[in-house]
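Engineer: Just so we're aligned: 207 in the working numbering is position 200 of the sequence shown, and the numbers increase by one with no gaps anywhere.
What follows is a structure written as structure tokens; I'll ask about it next.
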Amino acid sequence: MKHAAATREVRYWLPPLILYLAASLLYNASFPVMEIPDEPYHYGYIEQLRRGEGFPDPTTAPDNLAEFESSQAPLYYMTAAAVLRLFPDLPAWGGVQELKLNRWFGAYPGGLDNKNIFLHNLDDPEQWFQGIGKGVRVARLVAMAYGLVSVLAAYLLAREVTTGVPWLPALAGALVAFNPRFIQIGAAVQNDTAAAAFVGLTLWRMARIVRRRPSARWEYALAGLFAGLAAISKSSALTTFPLLLFGLGLAWAADRKERSSASLTEWGKRAVALLGTAAVSGGWWYVLNAVLYGDPLRSSAYESYPLVYPGLRRLRDLLPDLPRSLFSYWADLGYGGDLSPGPLFYAGAWAIVALSLIGLIRWMWNHRPAAGGEEQPRRGLRSWALLLLIASEGVMAIAVYIRLQQTFNFAWGRLLLPGVAAFATLMAVGLYHLWPRRLIGQIAALFLMVYAFLIPALVLLPAYLPPRVSEVPPLLERLDWRYGEVVRLVGYDMESRVIVAGQERRVTLCWETLARPEIDYAFALHFVGPENRLVGARDSYHGLGRYPSSVWRTGDLFCDEVGVSVAPDLEPAQIYQIEISVYDPDTLVRLPVYDSSGAEAPPFAGWVKAPSHAEIPSTALPVDVVFGDKIALRGYAPGTGSLTLYWEALTAPQEDLTVFVHVVDGDGNIVAQDDSLPRQGRYPTRAWDAGEIIADEHPVSLPASASRIYVGLYRAATGERLPAMAGGQRLPNDAVELSPD
């Protein structure tokens, strides 16, 4: 009978574990080495222990391998170091200085732009299971093992606090297993999963004590042991110590209602077993630090850390961070936390939370004392005492998180994850107490699971893999420019040449590698205006950080989709030149540029434009002449020393046309003239789009002898004038006659 029940139970707890294992391995493989927050320093902590150098000294944090992570409690690092000693061929790790920093990391929060903090060669076996890569990925597996325990702890906790619903504990486990943020920390060299595991196990054992009030003192000692292990996993898991006291109080209060309650002396012995075991298994670490450094929490490791606020922030100062706090509990991926699965995921995840809260409120309302609800419900959550126990851990986890946010400017949702078993169990219980019960839970688990497995393919790999292509796509401009003997710019593409003040214009640059230099060159993409004013500029390593030149394979084709932020004070009706250079970012020396014939390339690769926003004023003198079915002259306004023409583009001319303005006297002699591109070359006709109105001012004086003004358009290369048509008739000399008055 028991065997059959155990077999049935396996089908509930095993799937979340297997799926979490698969997802964690997938994330482990998707993140390059050291690309999860603070991995170099967590690995440095492990390395010191692996070498037998002891725990890192927090008072010398800037000078040791762990740096500011010297503050961390040791359990995960001790475990990982013990595992890594099984691999004697691992090379020594010299610290973060062994890595090449991506100087443009985090500068561009949108898209897949420079999300890697370090430059990598993903073709190098050391990124995988050789060298340091092997050590990092094995250390990640240790974190994953603790993550598996966390999922199991959530299952066991939910099983203990609920009744009559065999699938509900599996839902709690799934809400841990399919949380992308939790999967990431289980695929990282970090101690968060160890804390989550032992906080969850402590909650489970305390729930047993509150519910069953066992007489065997080993039950209390085991709960204390888990609490102590939580405390030496992460200092934020010290919440387990007040949890022990609160849980013991709930158990004692419940026991006092029983006829056969234990004596006060017996409860004292249970308390000693509980708290004494916790103090011995977890307290030694904090006593040791107090003795050695006068600093139980090793907080001195942060004294020189730049991301610590000089004083505690006020609670109201945290409000602007609330959206990211909410989002980052579920998915705050990558080193900078700005790899996102998109708004639909966050909306769905927080819909799950909202529905859970509604379900919990419904349970509390139905089981309020005044309602006479069942003390021992037949299905769902068993009692108020168990709800209070779990909620207390959730509240303490949130309180610790708020305190960390007041102290550090990097405190985001993963720091809530030591309480993940409590949060997941509360959510599972809340979802169960809604209708339709099973369907809502299944939808929630399926939603998170689908995203959890799609994120590596849709978010992570595109952010890190080199953007190689098998062939170059169609381009707006084909250039074939060669930069030294290093790389060829095949050309560039963009959806539109129009740039808008304060907005971003995306330009795709396609390259072909010619060599594998030792230098990691960078490229610069500039929009240049009159007097060499930059109105847009982007610099980056190639591949937007994903394919630095020192790891190129000769002959590779790849394309960079570059976002260029445009200045907010853009002058309209103006073209801006595109300048593309390749340079050494350490010396700023540019590589020489040659065109496809081997000659020196021109300074600019093309142009973009700020469109005209002109309108024809009511004071302008009306005209209606069409030149070559392309451009119409709609009005003009004589001024002192100038003549303003109002053109309308009927189509996109796509060629440069010169405007001539000839002022003649009564005898037909030219007394003033101006031949120039529109707006003195600042907005040539090749940049015009159909429907644009262009105010084109020409610097011509109108002497008293001026009798007539002739205006037209011609091609400078040939002198050919565009046919000028008015009222269906072609005008003489293809010029429109205007009055100077």
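The beta carbon of each residue, even a glycine, is placed where N, CA and C say it ideally should be.
1. Please state the DSSP three-state secondary structure of residue 565.
2. Under DSSP, the beta strand (DSSP E) around residue 638 begins and ends at which residues?
3. State yes or no: is the C-beta of residue 583 within less than 8 Å of the C-beta of residue 535?
4. Less than 8 Å between C-beta atoms, sequence neighbours within five positions excluded: which residues of the same chain meet that for residue 99?
5. Hey, could you find the ends of the beta strand (DSSP E) residue 588 is sitting in?
6. Going by the CB atoms, is the gap between residue 213 and residue 201 shorter than 8 Å?
7. How about residue 466 and residue 346: do their beta carbons lie closer than 8 Å?
8. Using CA coordinates, which residue listed in 646, 658, 502, 628 is at the minimum distance from residue 634?
9. Whose C-beta lies closer than 7 Å to the C-beta of residue 416 among residues of the same chain, with five residues either side of it excluded?
10. How far does the alpha helix (DSSP H) with residue 374 in it extend, from its first residue to its last?
11. Just curious, the beta strand (DSSP E) that residue 545 is in, first and last residue?
12. What's the gap between the Cα of residue 341 and the Cα of residue 122?
13. What do you reckon, are the CB atoms on residue 638 and residue 541 nearer than 8 Å?
14. Taking only the alpha-carbon atoms, compute the straight-line gap between residue 642 and residue 685 and give it to the nearest angstrom.
15. Reducing DSSP to helix, strand and coil, say where residue 511 ends up.
16. Can you list, in chain order, the stretches of the alpha helix (DSSP H) that have 4 or more residues and sit fully within the region 332-420?
17. Could you say which of 324, 188, 85 lies nearest to residue 63 if we only look at CA atoms?
18. Select from 264, 211, 173 the residue whose C-alpha is nearest the C-alpha of residue 448.
19. With a threshold of 16 other CB atoms inside 10 Å of the CB of residue 446, please say whether the residue is buried or exposed.
20. Give the DSSP-derived three-state secondary structure of residue 27 in the structure shown.
21. Give the straight-line distance between the Cα atoms of residue 692 and residue 663, rounded to the nearest whole angstrom.
22. Among 299, 715, 740, whose alpha-carbon lies nearest the alpha-carbon of residue 727?
23. Considering only their Cβ atoms, is the gap separating residue 661 from residue 669 smaller than 8 Å?
24. Does the region 124-133 come close enough to the region 163-177 to have 3 or more Cβ pairs within less than 8 Å?
25. Provide the residue span of the alpha helix (DSSP H) that contains residue 209, from first to last.
26. Can you tell me the Cα-Cα spacing of residue 550 and residue 506, whole angstroms?
27. Express the C-alpha separation of residue 704 and residue 648 in angstroms, rounding to a whole number.
28. Just verifying my parser: in three-state terms, what is the DSSP assignment at residue 705?
29. On the three-pair Cβ rule with 8 Å, is the region 278-286 touching the region 219-236?
30. Grouping DSSP H, G and I as helix and E and B as strand, with all else coil, what is residue 617?
31. For the candidate residues 646, 694, 653, whose alpha-carbon lies nearest to that of residue 747?
32. Determine the direct distance from the alpha carbon of residue 359 to that of residue 434, and round the result to whole angstroms.
33. Are the region 479-497 and the region 383-390 in contact at 8 Å, needing three or more beta carbon pairs?
34. Going by DSSP, name the residue or residues bridged to residue 719.
35. Considering just the uninterrupted stretch of the beta strand (DSSP E) at residue 692, what are its terminal residues?
36. Between the Cα of residue 320 and the Cα atoms of 418, 624, 398, 471, which residue gives the shortest distance?
Structural biologist: Short version:
1. In the three-state reduction of the DSSP assignment, residue 565 falls in the strand class.
2. 638-646 is the span of the beta strand (DSSP E), which, as asked, contains residue 638.
3. Pairing residue 583 with residue 535 gives a Cβ-Cβ distance under 8 Å.
4. Closer than 8 Å at the Cβ level, and outside the excluded window around residue 99, lie 54, 58.
5. Going by DSSP, residue 588 is part of the beta strand (DSSP E) stretching over 581-590.
6. No.
7. The beta carbons of residue 466 and residue 346 sit closer together than 8 Å.
8. Nearest Cα to residue 634 within the set 646, 658, 502, 628: 658.
9. Result list for residue 416: 314, 316, in chain order.
10. Where residue 374 is concerned, there is no enclosing alpha helix (DSSP H), because DSSP gives it neither an H nor an E.
11. Per DSSP, the continuous beta strand (DSSP E) segment holding residue 545 begins and ends at 541-548.
12. The C-alpha of residue 122 is placed about 7 Å away from the C-alpha of residue 341.
13. Result no, Cβ atoms of residue 638 and residue 541 do not sit closer than 8 Å.
14. Each residue's alpha carbon lies about 15 Å from the other.
15. DSSP, reduced to helix, strand and coil, places residue 511 within a strand of the structure shown.
16. If only complete runs of 4 or more residues are kept, the region 332-420 shows the alpha helix (DSSP H) at 350-373, 391-414, in order along the chain.
17. Closest option to residue 63, judged by alpha-carbon separation, among 324, 188, 85: 85.
18. Here the closest residue by C-alpha is 173.
19. When all chains shown are included, residue 446 counts as exposed.
20. Residue state for residue 27 is assigned as helix, using DSSP reduced to three classes.
21. One C-alpha to the other measures close to 5 Å.
22. Closest by alpha carbon: 740.
23. No. Outside cutoff.
24. Output reads no: the region 163-177 does not touch the region 124-133.
25. Boundaries of the alpha helix (DSSP H) harbouring residue 209: 199-219, taken from the DSSP string.
26. Straight across, the Cα-Cα distance linking residue 550 with residue 506 is about 23 Å.
27. If you take the alpha carbons of residue 648 and residue 704, they lie about 10 Å apart.
28. Shown here, residue 705 sits in a strand according to DSSP, grouped into three states.
29. Yes, since at least three Cβ pairs between the region 278-286 and the region 219-236 fall closer than 8 Å, the two stretches touch.
30. In the three-state reduction of the DSSP assignment, residue 617 falls in the strand class.
31. That would be 646, whose Cα lies nearest to the Cα of residue 747.
32. In this model, residue 434 and residue 359 are separated by some 8 Å (Cα to Cα).
33. Segments in contact, no.
34. Listed as beta-bridge partners of residue 719 by DSSP are 667.
35. Unbroken run through residue 692: none, as it is neither H nor E.
36. The shortest Cα separation from residue 320 among 418, 624, 398, 471 belongs to 418.
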